[in-house]
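For reference, each letter of the sequence shown is one residue, going 1 to 267 in the working numbering.
For each residue, glycine too, the CB sits at the ideal point set by N, CA and C.
Keep in mind it's a predicted model, so treat the numbers as computed, not measured.
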Amino acid sequence: MDAVSDSPAQDPLWQALLRRRDNDTAPLPASPLTDLLAPLFQPPGPDGCMVLGRLAQTLDGRIATASGSSQWIGGRADILHTHRLRALCHAVVIGAGTVKHDNPRLTTREVTGPHPVRVVLDTERRLGTGHTLFAPGGPPTLLACAQDAPGPDHHGSAELLRLPRAAIGGLDLCALLPRLAERGLTRIFVEGGGLTVSRFLAAGCLDRLHVTVAPVLLGSGIPAFTLPEAARIADGLRFDWTVHRLGQDMLFDIVLGRARPAVCSAP
């Protein structure tokens with residue numbers, strides 16, 4: 001059954017979900033949308049966060065063309081789902097590559113609901129300050145960078161969040177989550193891109209994963225996941241999932257519980 005509605009602003013169920021975001025404990029009405037979104041409100045992990053990863057890919061596992069073009073792989077229903085996730089989560093996390101290629105706003109303009117705090121992962125602070133996320137007047141933005149990255153404690157209008165480096169490159173994501181929880185940002189939406197979601201998965205920092213598969217074949221392009229090479233099928237990660245229809249797309253809601261593939265070494 002289709003799990004979306006084209007008029008969420010007037011939908012009593014959507015309003016009930018928004019109240020749940022703010023810790024309302026009233027039971028949610030039974031519906032496909034409840035089945036899809038209610039798991040977001042599971043208790044946080046030991047670091048204080050519940051973390052959801054998200055990707056939209058083609059049938060052959062591509063999230064963009066080789067040149068980086070990715071708008072839009074999913075259809076209208078998938079876009080609406082993404083904006084709903086932003087509205088129900090306290091923070092949305094993306095990597096520097098996504099900022100560079102897409103210059104996103106990361107707002108909830110397609111639905112009624114609060115904007116999340118935007119968190120950009122840019123280890124070396126290579127992004128310029130001209131991107132929309134760093135302009136004044138929008139929702140708050142945090143720029144997460146390495147502790148030893150030079151520069152002031154603000155990046156445009158964004159506040160800096162300095163983190164340790166991970167042993168395998170990038171930032172220590174296990175250190176990021178408690179820092180966000182300290183700010184009251186406990187429901188975290190890792191929106192992309194593929195490398196960022198893969199790093200959260202490899203670090204064992206994802207509770208759930210939403211993967212939309214669109215009826216598109218590219219035959220080439222950027223893969224959805226980038227992980228160490230597996231020599232055996234057993235080195236991969238098997239999981240439980242449920243399937244939801246999003247217009248012409250199919251969404252897989254994957255339960256991870258902070259598990260990670262066997263090929264990924266300890267963070």
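| Check | Outcome |
| --- | --- |
| Could you please give the first and the last residue of the uninterrupted alpha helix (DSSP H) stretch that includes D253? | First-last for D253: 249-255, but that is the beta strand (DSSP E), not the alpha helix (DSSP H). |
| Put F134 into one of helix, strand or coil per three-state DSSP. | helix |
| Among the residues of its own chain, which have a CB less than 6 Å from the CB of T132, if the five just before and after it don't count? | N103, R105 |
| By how many angstroms is the C-alpha of L177 removed from the C-alpha of D47? | 6 Å |
| With 16 other CB atoms within 10 Å as the buried threshold, where does Q57 fall? | buried |
| How is T98 classed by DSSP in three states: helix, strand or coil? | helix |
| For S157, which residues of its own chain have a beta-carbon under 7 Å away from its beta-carbon, when the five flanking residues on both sides are left out? | F134, A135, P136, T141 |
| Can you name, in chain order, every residue of its own chain whose Cβ lies under 7 Å from the Cβ of G151, other than the five neighbours on each side? | R125 |
| Starting from H244, follow the beta strand (DSSP E) in both directions and report where the run begins and ends. | 240-246 |
| Let me make sure I understand the geometry here. Which of L127, P27, A144 has the alpha-carbon closest to that of A91? | A144 |
| Can you check whether the CB of P29 is closer than 8 Å to the CB of L13? | yes |
| At the level of alpha carbons, what is the spacing between H154 and L161? | 9 Å |
| Helix, strand or coil for A66 per DSSP? | coil |
| Around the C-beta of L59, are 16 or more other C-beta atoms found within 10 angstroms, so that it is buried, or is it exposed? | exposed |
| Rounded to whole angstroms, what's the CA-CA distance from R183 to H83? Just pull it up for me. | 22 Å |
| For the beta strand (DSSP E) containing R54, name the first residue and the last one. | 50-58 |
| Could you give the DSSP three-state label for L127: helix, strand or coil? | coil |
| How many angstroms separate the CA atom of A181 from the CA atom of A230? | 33 Å |
| Applying the criterion that 16 or more other CB atoms from any shown protein chain within 10 Å of the CB defines a buried residue, is G219 buried or exposed? | exposed |
| Could you check the C-alpha separation between C264 and D11 for me, to the nearest Å? | 42 Å |
| Can you tell me which of the three DSSP states L209 falls into? | strand |
| Drop a sphere of 10 angstroms on the beta-carbon of P116, count the other beta-carbons inside from all chains shown, and report buried for 16 or more, exposed for fewer. | buried |
| Would you call the CB atoms of L85 and L33 closer than 8 Å? | no |
| Roughly how many whole angstroms lie between the Cα atoms of W241 and D253? | 5 Å |
| Indicate the three-state DSSP secondary structure (helix, strand or coil) for A144 in the structure shown. | strand |
| Measure the Cβ-Cβ separation of A149 and L173 and say whether it is below 8 Å. | no |
| Could you give the first and the last residue of the continuous alpha helix (DSSP H) run that contains V197? | 194-202 |
| Quick one: what's got a C-beta closer than 8 Å to D249's C-beta in the same chain, skipping five residues either side? | A56, G74, G75, A77, D78, T212, V213, A214, P215 |
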